[in-house]
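Top to bottom, those sequences are chains Z and L. Taken in order, the first sequence gives residues 127 to 352; the numbers are from the working numbering. Taken in order, the second sequence gives residues 127 to 352; the numbers are from the working numbering.
2 protein chains.
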Amino acid sequence: MTGSNLLLVSEPSAEINLLTHTLSAKGFNVKLLNQFSDSLKFIEDQNPGIILLDTLNKNVACFELCFLIKSNNFTRNMQVLILSDDQDEKTEIDAFTAGADDFIIRPLRPKAVVQRILTRLNSNSQVISIKPNNKTNTRLRIDKESYTVYLNNELVHLSKKEFDLLHLLGSSSGKVFTRDEIFEKVWKRKASLNDRTIDVHVRRLRKKLGEHFISTQKGIGYRFNS
Amino acid sequence: MTGSNLLLVSEPSAEINLLTHTLSAKGFNVKLLNQFSDSLKFIEDQNPGIILLDTLNKNVACFELCFLIKSNNFTRNMQVLILSDDQDEKTEIDAFTAGADDFIIRPLRPKAVVQRILTRLNSNSQVISIKPNNKTNTRLRIDKESYTVYLNNELVHLSKKEFDLLHLLGSSSGKVFTRDEIFEKVWKRKASLNDRTIDVHVRRLRKKLGEHFISTQKGIGYRFNS
DNA sequence: CCATTTGTTCACATTGAGTTAATCAAAGCT
DNA sequence: AGCTTTGATTAACTCAATGTGAACAAATGG
Numbered sequence: 127m128t129g130s131n132l133l134l135v136s137e138p139s140a141e142i143n144l145l146t147h148t149l150s151a152k153g154f155n156v157k158l159l160n161q162f163s164d165s166l167k168f169i170e171d172q173n174p175g176i177i178l179l180d181t182l183n184k185n186v187a188c189f190e191l192c193f194l195i196k197s198n199n200f201t202r203n204m205q206v207l208i209l210s211d212d213q214d215e216k217t218e219i220d221a222f223t224a225g226a227d228d229f230i231i232r233p234l235r236p237k238a239v240v241q242r243i244l245t246r247l248n249s250n251s252q253v254i255s256i257k258p259n260n261k262t263n264t265r266l267r268i269d270k271e272s273y274t275v276y277l278n279n280e281l282v283h284l285s286k287k288e289f290d291l292l293h294l295l296g297s298s299s300g301k302v303f304t305r306d307e308i309f310e311k312v313w314k315r316k317a318s319l320n321d322r323t324i325d326v327h328v329r330r331l332r333k334k335l336g337e338h339f340i341s342t343q344k345g346i347g348y349r350f351n352s
Numbered sequence: 127m128t129g130s131n132l133l134l135v136s137e138p139s140a141e142i143n144l145l146t147h148t149l150s151a152k153g154f155n156v157k158l159l160n161q162f163s164d165s166l167k168f169i170e171d172q173n174p175g176i177i178l179l180d181t182l183n184k185n186v187a188c189f190e191l192c193f194l195i196k197s198n199n200f201t202r203n204m205q206v207l208i209l210s211d212d213q214d215e216k217t218e219i220d221a222f223t224a225g226a227d228d229f230i231i232r233p234l235r236p237k238a239v240v241q242r243i244l245t246r247l248n249s250n251s252q253v254i255s256i257k258p259n260n261k262t263n264t265r266l267r268i269d270k271e272s273y274t275v276y277l278n279n280e281l282v283h284l285s286k287k288e289f290d291l292l293h294l295l296g297s298s299s300g301k302v303f304t305r306d307e308i309f310e311k312v313w314k315r316k317a318s319l320n321d322r323t324i325d326v327h328v329r330r331l332r333k334k335l336g337e338h339f340i341s342t343q344k345g346i347g348y349r350f351n352s
């Protein structure tokens with residue numbers, strides 16, 4: 127797993143330091159914030175796949191943030207894990223009610239936390255939510271299960287091949303896919319020389335979604351802008 | 127948990143704030159309006175499953191709105207709960223006469239309100255009400271319990287399979303259902319190659335409902351337009 | 001038992017997704 | 001610069017997927 131963004135909202139402490147190190151060592155790109163209030167903006171801008179929310183003894187604020195995340199089409203598929211000091215069953219129920227994906231009670235065991243995160247990540251491989259180059263305000267949500275793509279909350283109609291191609295590129299945004307790779311995975315055949323099939327499909331995607339989502343890496347292939 | 131839309135018509139206050147939070151924490155998507163006059167449009171556009179009407183000391187206006195909601199085929203299955211300051215038995219009777227589903231007297235106890243709402247919701251889980259692509263003004267109401275479908279307030283007669291198919295598609299509007307998925311859920315059997323059964327049923331639905339409700343995703347399946 | 005409704009199959013028509021081809025534009029290279 | 005390679009773009013073609021009307025079969029209801 128390469129460098130997924132992870133947001134950890136908590137206050138610095140020896141325990142949190144250790145957790146942060148463990149996560150970094152596992153390849154996560156960890157951002158630590160110490161307030162709920164700043165978090166939503168970060169979440170919308172950076173699209174972390176995983177969000178760890180320490181309740182910070184402010185359950186209501188914490189759960190409200192969680193609920194906001196889960197209320198938005200573009201963030202609801204991020205995995206939210208709540209960290210709590212509190213063993214009270216009611217708190218846990220409230221957390222799940224607010225839409226949390228997991229609830230972890232202190233003391234933290236970093237490796238166990240990592241394990242839970244990995245489980246969460248795998249359970250949710252089919253939805254991609256992207257806000258490209260911070261310049262633009264457009265956003266894309268690609269949902270493999272329901273075969274739907276939303277551009278700024280509006281449903282975009284894509285054909286099967288268009289969808290498969292977009293999903294492939296979006297599944298590792300930033301990565302450059304070679305033509306061979308794309309042919310193999312979407313068309314399940316070898317590229318023949320002078321075959322413009324991919325170009326045409328990229329063109330159609332660009333026409334439907336806008337020009338800035340897919341960029342060309344001349345001589346190599348295409349990438350989805352993260 | 128449900129993420130159902132809920133409309134609360136009242137005036138901002140500490141009490142209403144607390145209620146709103148509690149509802150949000152329960153997973154409701156709460157919209158707060160402070161006038162009856164704006165509400166009907168919201169109700170028609172957003173199809174909230176639950177409507178909380180504070181009388182705002184204007185019983186007549188409040189009950190009239192309630193009556194309008196209950197007079198319309200597309201909104202009558204929304205659950206209307208009246209919030210009142212007034213302990214007068216007559217007021218309560220008037221509320222129920224106007225079609226209210228529940229009557230709650232202040233002071234509000236948020237958890238108790240939530241409990242009443244959940245009870246109401248469960249009693250009425252199988253109605254789908256849809257207003258497709260803002261272009262058109264046609265509306266569909268699919269009522270699982272009574273196996274009836276209304277198109278623009280007119281009863282449409284559907285056979286069992288037609289109804290089941292429509293209900294399946296409508297239950298996740300926007301999602302593309304594959305042919306396999308449809309066969310499995312509606313016909314409870316595997317699709318055999320070159321089986322046109324689904325096509326024919328889709329065709330009959332389109333003939334009865336109009337062309338714009340169900341769209342084809344070539345190579346994949348069908349979707350209900352949200 | 002017949003009449004009617006509902007579900008499925010068949011045969012042919014139509015559509016549109018996917019591909020190919022042809023031409024133009026841009027980037028790389030010597 | 002001039003030549004070569006690669007990608008963009010548009011139009012046209014092809015064929016599998018779907019639409020469609022009618023016939024047939026099965027279930028339902030008096």
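The C-beta atom is built at its ideal place from N, Cα and C for all residues, glycine as well.
Open item on the list: Just checking: is the beta-carbon of Z:A224 within a distance shorter than 7 Å of some beta-carbon in chain L?
Closed with: yes
- [ ] Determine, using beta carbons only, whether Z:K286 comes closer than 7 Å to chain L.
- [x] yes
Task: Z:I169: CB within 6 Å of a non-hydrogen atom of the ligand FMN - done: Because no ligand of any kind appears in the structure shown, any question about the ligand FMN cannot be addressed here.
Open item on the list: Am I right that Z:D164 and Z:L209 are in contact with their C-beta atoms under 8 Å? What's the rounded C-beta distance?
Closed with: Between Z:L209 and Z:D164 the Cβ distance is about 17 Å, and since that is not below 8 Å, they are no contact.
Task: Residue of L:E141, L:F154 and L:L191 minimising C-alpha distance to L:I161 - done: In the sequence under discussion, the amino acid at residue 161 of chain L is Gln, which differs from the Ile named in the question. Considering only alpha carbons, the answer is L:L191.
Open item on the list: List, from N- to C-terminal side, the beta strand (DSSP E) runs of 3 residues or more that fit wholly inside the segment 169 to 205 of chain L.
Closed with: 176 to 180
- [ ] For the beta strand (DSSP E) holding Z:S139, just list the boundary residues, first then last.
- [x] Where Z:S139 is concerned, there is no enclosing beta strand (DSSP E), given that its DSSP letter is neither H nor E.
Task: C-beta atoms of L:G345 and L:T304 nearer than 7 Å - done: no
Open item on the list: Please tell me whether Z:R330 and Z:E288 are closer than 7 Å, where the distance is taken between their beta carbons.
Closed with: yes
Open item on the list: In whole angstroms, give me the CA-to-CA distance for L:N183 and L:K157.
Closed with: 21 Å
TODO: For L:D325, count neighbouring C-beta atoms within 10 Å of its own C-beta (all shown protein chains included) and say buried if the count is 16 or more, exposed if not.
DONE: exposed
Open item on the list: DSSP three-state label for Z:G300, please.
Closed with: coil
Open item on the list: Quick check on this structure: which residue in L:E141, L:D171 and L:S139 has the alpha carbon closest to the alpha carbon of L:L132?
Closed with: L:D171
Open item on the list: On the criterion of 16 or more Cβ atoms from any shown chain inside 10 Å, does Z:L134 qualify as buried, or is it exposed?
Closed with: buried
Open item on the list: Is L:G150 close to chain Z? Criterion is C-beta to C-beta, closer than 7 Å.
Closed with: Correcting the residue type first, residue 150 of chain L is Ser in the shown sequence and not Gly. Judged by the 7 Å Cβ criterion, L:S150 is in contact with chain Z.
TODO: Show which residues of chain Z have a CB atom less than 7 Å away from the CB atom of L:Q343.
DONE: Y273
- [ ] Name the one or two DSSP bridge partners that L:V156 has.
- [x] L:L132
Task: Beta-carbon gap between Z:D227 and Z:V206 smaller than 7 Å - done: yes
Task: Residue range of the unbroken alpha helix (DSSP H) whose run includes Z:I346 - done: First-last for Z:I346: undefined, no H or E at that position.
- [ ] Compare the C-beta of Z:F193 against all C-beta atoms of chain L and say whether one is closer than 7 Å.
- [x] yes
Open item on the list: So L:I346 contacts chain Z; which residues on that side make the cut at Cβ distance below 7 Å?
Closed with: Y273 and K286
Open item on the list: If we define contact as Cβ-Cβ less than 7 Å, is Z:T128 a contact residue for chain L?
Closed with: Per-residue confidence for Z:T128 stands at a pLDDT of 43, beneath the threshold of 50, marking its modelled position as unreliable; the derived number appears in the next sentence. No, Z:T128 lies away from the interface with chain L (no Cβ there is under 7 Å from its Cβ).
Task: Opposing strand residues paired with L:D228 [DSSP bridges] - done: L:L207
Open item on the list: For L:R267, report the span of its beta strand (DSSP E) as first-last.
Closed with: L266 to D269
Task: Neighbour flag for Z:F189 against chain L, beta carbons, 7 Å - done: yes
Task: CB contact flag (L:Q343, L:V312, <7 Å) - done: no
Task: Where the beta strand (DSSP E) through L:E280 begins and ends - done: E280 to V282
Open item on the list: Does any residue of chain L have a CB that is nearer than 7 Å to the CB of Z:L335?
Closed with: no
- [ ] Compile a chain-ordered list of the residues in the segment 161 to 191 of chain Z whose CB is closer than 8 Å to at least one CB of chain L.
- [x] V186, F189 and E190
Task: Option in L:N320, L:R315, L:C188 and L:L277 with minimal Cα separation from L:E337 - done: L:L277
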